[in-house]
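Accompanying notes for the structure given below.
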Amino acid sequence: MPLLSAGPIDPATLIAEHDAPGHGGLVVFVGRVRDAHHGRAVRALEYSAYPAMAEAEAAAILAEASTRWPVQVSACHRVGRLEVGEVAVVVVTSGGHRDESYAANRWVIDALKARVPIWKREWFADGTSEWVDPTAAMAP
Amino acid sequence: MTRFRVATFARYAELLGGHDLDVELATPATVADLIAALRMLPGGAALPAAPLVAVNLNLADHSPPVAAGDEVALLPPLAGG
Numbered sequence: 056m057p058l059l060s061a062g063p064i065d066p067a068t069l070i071a072e073h074d075a076p077g078h079g080g081l082v083v084f085v086g087r088v089r090d091a092h093h094g095r096a097v098r099a100l101e102y103s104a105y106p107a108m109a110e111a112e113a114a115a116i117l118a119e120a121s122t123r124w125p126v127q128v129s130a131c132h133r134v135g136r137l138e139v140g141e142v143a144v145v146v147v148t149s150g151g152h153r154d155e156s157y158a159a160n161r162w163v164i165d166a167l168k169a170r171v172p173i174w175k176r177e178w179f180a181d182g183t184s185e186w187v188d189p190t191a192a193m194a195p
Numbered sequence: 002m003t004r005f006r007v008a009t010f011a012r013y014a015e016l017l018g019g020h021d022l023d024v025e026l027a028t029p030a031t032v033a034d035l036i037a038a039l040r041m042l043p044g045g046a047a048l049p050a051a052p053l054v055a056v057n058l059n060l061a062d063h064s065p066p067v068a069a070g071d072e073v074a075l076l077p078p079l080a081g082g
C-alpha cells in the first residue's frame, strides 16, 4: 500500500505484505477516529498532508526502524475526511519474535506522529471545527 | 529581488488565505528572512515567531540560505496519527 491513502485502509492489505516464513511475531497497530477530544464530542476528522514530504519522511522512518530492529515494517496514513470509527493509520511490524515487533511498532507510530507533516482538523458535534495544535496545550 | 513560492497547509493556509504564497526577498536570503517576509503578509502577524519550515522536504533551522528553485514550505505544528 502507499504510505498515504485517500481511501479506506484495510489492515489486512498491509498484513499480507508480511509473508516471510521466519517472521513468527507480527504486531498490528490500528489508529481510529475517536468520538471525543478534550471532552468535546467529535463527529469527524479531516487529515491534510504535505504529500511529498510526508511520503519521504514516513519512508525514512520505516527504513530507520528496520535498521534499529530486525523487522519488516509497513504503514499507511489516511488523508481526507474520516468519520468516527474509521481507520486513520495502520502500522504493521513483523520479525522473528514478538519483542522486536512490539518495540519497532511502538517506535514507528510515535515517530510518524512526531515527524510526518500531516495535520488534523476536528469537526465537532456542534458544527464548528478546529485544526489540532499539539503545542497549544503548552502555551500559557 | 527574487520571488519565492512557499507552500503552506492546514491552519496556516487559512490564516494566510491560500496554500501557495509568493514572497519577494533581496538575495542572498535566509530562512529567517523568508519567515519575516511571510509574517508581513495579510494574516501573517498571527504566525509564531519561529514556525517550522522545510526546505527541499527537510526541516530547516532558520540560518541557512534559501535559493531560487528551492522547495520551501511553512508547516503548522504536526498533528498526524
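From first to last, the protein sequence lines stand for chains W and X. Heads up, the first sequence is in our numbering, so the first residue is 56 and it goes up one at a time. Heads up, the second sequence is in our numbering, so the first residue is 2 and it goes up one at a time. We treat Cβ as the ideally placed atom computed from N, Cα and C, and that holds for glycine. Note that the coordinates shown come from a computational prediction; the quantities given were computed from them, not determined experimentally.
Residues of the segment 145-171 of chain W whose Cβ lies closer than 9 Å to any Cβ of chain X, in chain order
I164, D165, L167, K168, A169, R170, V171
Check whether the Cβ atoms of W:R123 and W:A159 sit closer than 8 Å, and answer yes or no.
yes
So the candidates are X:G19, X:V67, X:P49, X:L75; which of them puts its Cα closest to the Cα of W:T190?
Answer by Cα proximity: X:P49.
Run through DSSP, which three-state label would X:G45 get?
helix
Could you name the residues of chain X that W:D188 contacts, counting a contact when the two beta carbons are closer than 8 Å?
R12, P77, P78, A80
Using DSSP with H/G/I as helix, E/B as strand and the rest coil, what is W:A61?
coil
For W:G86, which residues does DSSP report across the bridge?
W:V144
In three-state terms, what does DSSP make of W:D181?
coil
List, from N- to C-terminal side, the beta strand (DSSP E) runs of 3 residues or more that fit wholly inside the segment 82-140 of chain W.
95-104, 126-133, 135-138
Measure the alpha-carbon distance for W:V145 versus W:H132 and round it to whole angstroms.
7 Å
Report the CB separation of W:Y102 from W:K168 in whole angstroms; it is logged as a contact under 8 Å.
With a Cβ gap of about 12 Å, W:Y102 and W:K168 do not count as contacting.
Using the three-state DSSP reduction, which class does X:T31 fall into: helix, strand or coil?
Judged by DSSP in its simplified three-state form, X:T31 adopts strand.
For X:N59, does the three-state DSSP call read helix, strand or coil?
strand
Give the residues from the segment 53-64 of chain X that approach chain W closer than 7 Å (Cβ to any Cβ), ordered along the chain.
Of all residues in the segment 53-64 of chain X, those with a C-beta nearer than 7 Å to a C-beta of chain W are A55, L58, reading in chain order.
I think X:P66 touches X:Y13, with their Cβ atoms under 8 Å apart; what is that distance to the nearest whole Å?
Not really, about 23 Å apart at Cβ, beyond 8 Å.
C-alpha gap between X:L53 and X:L60, whole angstroms:
7 Å
Alpha helix (DSSP H) segment containing W:A166, residue limits:
153-170
Could you work out which residue in W:V83, W:T183, W:H93 is closest to W:A130 when comparing CA atoms only?
W:V83
Check whether the Cβ of X:A50 lies closer than 8 Å to any Cβ atom in chain W.
No, X:A50 lies away from the interface with chain W (no Cβ there is under 8 Å from its Cβ).
Touch check for the segment 83-98 of chain W and the segment 134-144 of chain W: three-plus C-beta pairs under 8 Å?
yes
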